Structure formats: C-alpha cells, structure tokens
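Each remark here refers to the structure printed beneath this line.
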Amino acid sequence: MPSINPARVLADLNRLRDFGRFKTGVHRPSLSAEHNAACHWFAGRMAEAGLETNIDGIGNVYGVAPGAARRLLTGSHLESQNQAGWLDGPLGVVYGLEAARVINRDPAFAGRAVDVAVWFDEEGHFGNFLGSRSFVDGLADADIDAGVDRTDGRPLRDALGRAGLAGKPRRRVTPAEYIGYLEAHIEQGDWLEAHGLKLGIVTSIVGIWQFRITFAGTQNHAGTTRMAIRRDAGLSCAELCCAIARRFPQVAAERTVWTTGRITLDPGAPSIIPGRAEMLLQVRDADLAVLQRMEGELASLVAASNRAGPCHATLESLRKSYPAVMDATFQAALEAASEAAAPGVHTRMPSGAGHDAQILSKVMPAGMLFVPSIGGISHHWTENTADDDIVTGAQAFATACAALLS
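Printed below as a string of structure tokens:
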C-alpha cells in the first residue's frame, strides 16, 4: 500500500484555494486570469514531481511520466462555477498528483506510472466538457468557434488567444495508451454524510438533458389590458412549471431529478405584460430509458399547454450528455482500497453530477471515488469537506491506483 503525505495533500489544496479566493470558496471561471494562474502553478507542481508537463491548445494541462510502458490516467479540473466551492475539481487533480508522487518513484513500480490531467471547462463556461471531449474525440474547430462564455459573452477563440494558447496543438488519446482513467471528487450531495460513510465507489454517472421552452404571448400595458384578452407569456410559463411538478413524479425513477434553473420574462418590467417567456429545464438520470421517457412527457406537457392556450410554447433540446457505467474492475479496486482505508464505512453509489470520467469512459475503462461533502453543499462558496475525510480519500485513491497498475 503506498503511503501518501497528508500534509502535502492539504497544502496543495489550500494553495489552489488562493487563486480566485471568494469568501471560503473560489471564483475561478474558465480562462480567467485566476484559472490560468492556477493551471500554471499546478503544472509547476507536476514538474516538481518528475512529470513532463504541457498545456495544449484547448487548455488541458498534462503531466506525463517519462519512460513508463504501463500507465494509469487520473484527473479532474481546476476552474470553478461562479463564486463557488474550493474542492469541486481540485480534489481530483491533487489526489492524482499525490498518487503519482508516491507510485512513480517507487522501484516496485518500475515501468508503470500515474499520469495526471487537468481538463478544461468541465464546469461548462464555454461549452460541454470541452477539454475531455477534445482529448477523446478530437474536438471540431466548429465547436471551438461556437464557444462563448455564458457569463460575459467572450468568444472562446479570444479567451484562448489571451491565454497564449492560440495555434497550439490539441492532444488526443491514442488506443491502448492507458489502462484506464481514475477520478476522485467530492460527492456534492449528502448521501455519504447522512449515512455515516467515508467513501463512495461510483457505479454510474448520470446523463444530463437540458431543454429550453419559450412562450410567445402579446406584450401590452399592465393597467389597461383586460384580463379576458391577455396573452401573458409569464403566466403560461408558470402554469407549465406547475404541470411539470405534478406530472414528473408520476413517471420518474427513484433517483431522477429535474430543475428549472432559469426563468426570464421579456421585457421584465412591472407595468408590462410579458410578451415572451423562457425557461431552462434540466433532467438527470443514470438510465437512458428514463431520460427518454421524461423527454416524452415534457413534449406532451408542452403540447397540452399549446392546446389550452393562449400562448404558444416551443420546446428545444439544448444539450444531451449520456449516462456512463463505471468499469467493474475499477469499482472492485476502489472498493478494496476503501475497505483498507475506511473499513466498513464505504458504499457503491451512482453519481448525480456529470464528470469528465463519463467522457473518458467512451475510450477506456474508468472509475470514480467520492468523499463526503459537508451538508451536501456544492456549487456554492460554503462547499467543504473535513480534512480527515480528504486524507482518507487520498489514501484510498493512491491505493487503488497502485492496485490497478500491479
């Protein structure tokens, strides 16, 4: 069993917290000055550990052990959601780096090594898993051209240029380059904490389907337009939200979740009846058949709304990521490592959040390890995990890496 350095793991995580510090969390959007600085700092730490480092043309950071014939890839991301948590992403890259430190220089693992990757834009500021997709599928130039920062409208091409990455080649994985991919992450939910558990072995990662529904009404004066003739797009939008809340629980599976993350009214003034409304709806489940069923029910509800009137609704599918099952051998290695690090307080569980591991699983065996999130909070600056749990997870992760390379 490799022995990690707990103080070093915690020090690296806390140093990364300094890049874009926001209250007790961080604000480190993709390709911001803070994100770029964090990536360069982490590349330096990988080089200190003996890894050959490179930042490619999409912003992925790679640390590769020279001379190894049998390799395990680890990774996660360093950008954050806006004004969000300090562990969502960094935990996984620091775990990977620590595993590389203790395994790659061990004579018992001669010719075998852990590589580390920092994937670009897992949080989706410019797109959808752009970094890991580029590595796996060779991201098309059209996808990069279409990338626009969702917060400030910056074109991705411009942001890459300002980061000094314009024209750099993008690395793409070759067949059999790795025995697989292992990622660690905070749970981002409360299942582990609520059940007194220390580690979670991920069985599958949900698919995430996102939709936009727009309502066309008639903009008019809020004081002089009779109620009987109004075509209030905002009201129609609200009624559909209520219909979804009534119907979806009847057709959902046990772990299906859905969220109306944004509603906008146009023009959005108190004395004007909205002539247009838009809602963004996201549905998540680890079963493709369930996602398809939920999409069908949504289409039926939109059709019923249109029959009832008075406003016409249009349903548009924006983005679909598909569920991924984690490799059985990787799950077994993580379970054995978890039992060694935290006897009797670990479980197998699905991931309700999307992760780069689901993209990597398309081309190689993949696995994921979870550590508890205090209060189940994530995507918020109060996100946190106890130091003892961070250390336990780092030890289990390194042990699993060693087992997979043995």
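Heads up, the sequence shown is in our numbering, so the first residue is 2 and it goes up one at a time.
Where is the CB? At the ideal position from N, CA and C, for every residue including glycine.
Owing to the predicted nature of the structure, the values given are computational and were not obtained by experimental measurement.
Assigned secondary structure, F216 (DSSP; H/G/I helix, E/B strand, else coil): Here DSSP, grouped into helix, strand and coil, assigns F216 to strand.
State the beta-bridge partners of L266 as determined by DSSP. L266 is bridged to A278.
F371 in three-state terms, based on DSSP: Here DSSP, grouped into helix, strand and coil, assigns F371 to strand.
Go through the stretch 148-194 residue by residue and report every complete run of the alpha helix (DSSP H) that reaches 4 residues or more, in order. The qualifying runs are 157-163.
Using the C-alpha atoms, what's the distance from R113 back to D107? Just so you know, the alpha carbons of D107 and R113 end up roughly 10 Å apart.
What's the call for N15, buried or exposed, on a 16-neighbour Cβ count within 10 Å? The residue is exposed, with fewer than 16 neighbouring Cβ atoms inside 10 Å.
Counting pairs of Cβ atoms below 8 Å between the stretch 249-257 and the stretch 293-307, do you hit three or more? Between the stretch 249-257 and the stretch 293-307 there are three or more inter-stretch CB-CB distances shorter than 8 Å, so the stretches are counted as touching.
Within this structure, are the beta carbons of W382 and G26 separated by less than 8 Å? Cβ distance < 8 Å, so W382 and G26 count as in contact.
So within the stretch 335-373, which uninterrupted alpha helix (DSSP H) runs reach at least 4 residues, ignoring any that extend past its ends? Fully enclosed alpha helix (DSSP H) runs of 4 or longer: 357-361.
Tell me the DSSP secondary structure of H41 in three-state form. In the structure shown, H41 sits in a helix (DSSP, three-state: H, G or I).
Hey, out of L92, A305 and C243, whose CA is closest to T386's CA? The shortest C-alpha separation from T386 is found at L92.
Return the CA-CA distance between P176 and L406, expressed in angstroms with no decimal places. Answer to the nearest angstrom: the Cα atoms are 18 Å apart.
Backbone CA spacing between G201 and I230 [nearest angstrom]: Taking the straight line joining both Cα atoms gives about 56 Å.
DSSP beta-bridge partners of S77: Answer is V119, bridged to S77.
So what does DSSP say about G51, is it helix, strand or coil? Coil at G51, not helix or strand.
Alpha carbon to alpha carbon, how far is Q84 from H380? Give it in angstroms, no decimals. If you draw a straight line from the Cα of H380 to the Cα of Q84, it comes to about 8 Å.
For P344, is the classification buried or exposed, using 16 other Cβ atoms within 10 angstroms of its Cβ as the cut-off for buried? It counts as exposed.
P275 versus C243 - alpha carbon distance: Cα-Cα distance, rounded: 18 Å.
Hey, out of D357, Q211, D233 and A246, whose CA is closest to D138's CA? Distance check between D138 and each of D357, Q211, D233 and A246 places D357 closest, using alpha-carbon atoms only.
Measuring only the C-alpha atoms, how far is P351 from D144? Going from the Cα of P351 to the Cα of D144 covers about 30 Å.
Would you mind working out which of R227, T226, E184 and I264 sits nearest L73, comparing C-alpha positions? If we check each option's Cα against that of L73, E184 comes out closest.
List the endpoints of the continuous alpha helix (DSSP H) containing S237. In the DSSP assignment, S237 falls within the unbroken alpha helix (DSSP H) covering A234 to V252.
In chain order, what residues of the same chain have a beta carbon less than 6 Å from the beta carbon of H36, not counting five sequence neighbours either side? Excluding the 5 residues flanking it on each side, H36 has same chain C-beta neighbours closer than 6 Å at R29 and E80, in chain order.
Counting only runs that start and end within the stretch 3-41, where is the alpha helix (DSSP H) found for 4 or more residues in a row? Whole alpha helix (DSSP H) segments, 4+ residues: 7-17.
One question on the structure: do A341 and L370 come within less than 8 Å of each other, judged by their Cβ atoms? No, the pair does not count as a contact, with Cβ atoms beyond the cut-off.
Since V119 and N61 should fall inside the 8 Å C-beta cutoff, what is the C-beta to C-beta distance between them, to a whole number of angstroms? Their Cβ separation, rounded to whole angstroms, is 7 Å, which keeps V119 and N61 in contact under 8 Å.
Out of P170, E188 and R213, point me to the one whose CA is closest to I206's CA. Measuring from the Cα of I206, the nearest candidate turns out to be E188.
Quick check: what's the CA-CA separation for G162 versus G76? Each residue's Cα considered, the two are about 24 Å apart.
I need the straight-line Cα distance from A1 to Y323, nearest angstrom please. Within the shown structure, residues of the chain are numbered from 2 to 407, placing residue 1 beyond reach of any answer.
Whole-angstrom Cβ separation of G235 and A278, contact assumed at under 8 Å? Right, the Cβ-Cβ distance comes to about 5 Å (below 8 Å), so this counts as a contact.
Just to confirm, are G132 and I59 a CB contact at a threshold of 8 Å? Cβ distance < 8 Å, so G132 and I59 count as in contact.
Taking the CB atoms as reference points, tell me whether V117 and L88 lie closer together than 8 Å. No, Cβ-Cβ distance for V117 and L88 is not below 8 Å.
Which word fits T225, buried or exposed, when buried means at least 16 other C-beta atoms lie within 10 angstroms of its C-beta? Under this definition T225 is an exposed residue.
Which residues mark the beginning and the end of the alpha helix (DSSP H) in which L1 is found? An answer regarding residue 1 cannot be provided, because it is not within the stretch 2 to 407 covered by the chain.
Start and end residues, beta strand (DSSP E) containing T1: Any question about residue 1 goes unanswered here, given that the chain covers just 2 to 407.
Compute the beta-carbon to beta-carbon distance between A314 and S301, rounded to the nearest angstrom, for a pair I have assumed lies under 8 Å. Contact doesn't hold; Cβ gap of about 12 Å is too wide.
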